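Written below as structure tokens is the structure these notes are about.
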Amino acid sequence: MKKTVKFENSKIWKKSRELSTNIYWITNYETFKDDITLQDQIRGAGNAVMFSIAKACNSREVQNYLKYLDHALGFIAEVQSALYIAIDQKYLEIEDFEEVYDMSSDISDSIMSLIDQANFPS
Numbered sequence: 205m206k207k208t209v210k211f212e213n214s215k216i217w218k219k220s221r222e223l224s225t226n227i228y229w230i231t232n233y234e235t236f237k238d239d240i241t242l243q244d245q246i247r248g249a250g251n252a253v254m255f256s257i258a259k260a261c262n263s264r265e266v267q268n269y270l271k272y273l274d275h276a277l278g279f280i281a282e283v284q285s286a287l288y289i290a291i292d293q294k295y296l297e298i299e300d301f302e303e304v305y306d307m308s309s310d311i312s313d314s315i316m317s318l319i320d321q322a323n324f325p326s
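Numbered by the working numbering, the letters in the sequence shown go through residues 205 to 326 in order.
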């Protein structure tokens, strides 16, 4: 049995909330607005990172905790792939791409650390 954590107190959830906010910010650019499909895809994936981390925090079983963290990693990869499409289509400036991509990479690294801690407790 795993001790649950109030997700709002989790650093990684706070980072994922910031990621979601930044995704909404960049997808509101005029250059991005016409691609509704990509806009919906990246927003949905960004939100799903946040949702998955919240579920992980509230999971009482280690197996479910790991499952939700793994889901969050998948959604991070989706965000990153969508960012590449956005930069290739010239919807974003390189600075915005790098900021959001780096933020998503930091979250991914944090998730991997949590997975390692759960799999190999000290």
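By construction, the Cβ of each residue, glycine as well, lies at the ideal position given by its N, Cα and C atoms. Since the structure is predicted, the reported quantities are computational estimates derived from the model, not experimental observations.
Burial state of residue i (16 or more Cβ within 10 Å)
{"i": "F236", "result": "buried"}
{"i": "F255", "result": "buried"}
{"i": "Y295", "result": "buried"}
{"i": "V266", "result": "exposed"}
{"i": "I240", "result": "exposed"}
{"i": "Q243", "result": "buried"}
{"i": "A249", "result": "buried"}
{"i": "S308", "result": "buried"}
{"i": "I298", "result": "exposed"}
Sub-8 Å separation of residue i and residue j beta-carbons
{"i": "F211", "j": "N262", "result": "yes"}
{"i": "L329", "j": "L273", "result": "For residue 329 there is no data in the structure shown, the boundaries of the chain being 205 and 326."}
{"i": "S312", "j": "I257", "result": "no"}
{"i": "I315", "j": "A276", "result": "yes"}
Residue i, DSSP secondary structure in three states
{"i": "D313", "result": "helix"}
{"i": "K271", "result": "helix"}
{"i": "N262", "result": "helix"}
{"i": "L296", "result": "coil"}
{"i": "K219", "result": "helix"}
{"i": "V304", "result": "helix"}
{"i": "V283", "result": "helix"}
Contacts around residue i, its chain only, beta-carbon distance under 6 Å, and the 5 residues preceding and following it disregarded
{"i": "K219", "result": "I311"}
{"i": "E291", "result": "Checking the sequence, you will find Ile at residue 291 rather than Glu. Once the five neighbours on either side are set aside, the close Cβ partners of I291 are F301."}
Cβ neighbours of residue i in the same chain (closer than 8 Å, five flanking residues each side left out)
{"i": "E303", "result": "N226"}
{"i": "F279", "result": "A249, G250, A252, V253, S256"}
{"i": "Y305", "result": "Q284, L287"}
Nonlocal neighbours in the same chain, by C-beta distance under 7 Å from residue i, ignoring five residues either side
{"i": "R247", "result": "I227, Y228, T231"}
{"i": "L270", "result": "I319, A322"}
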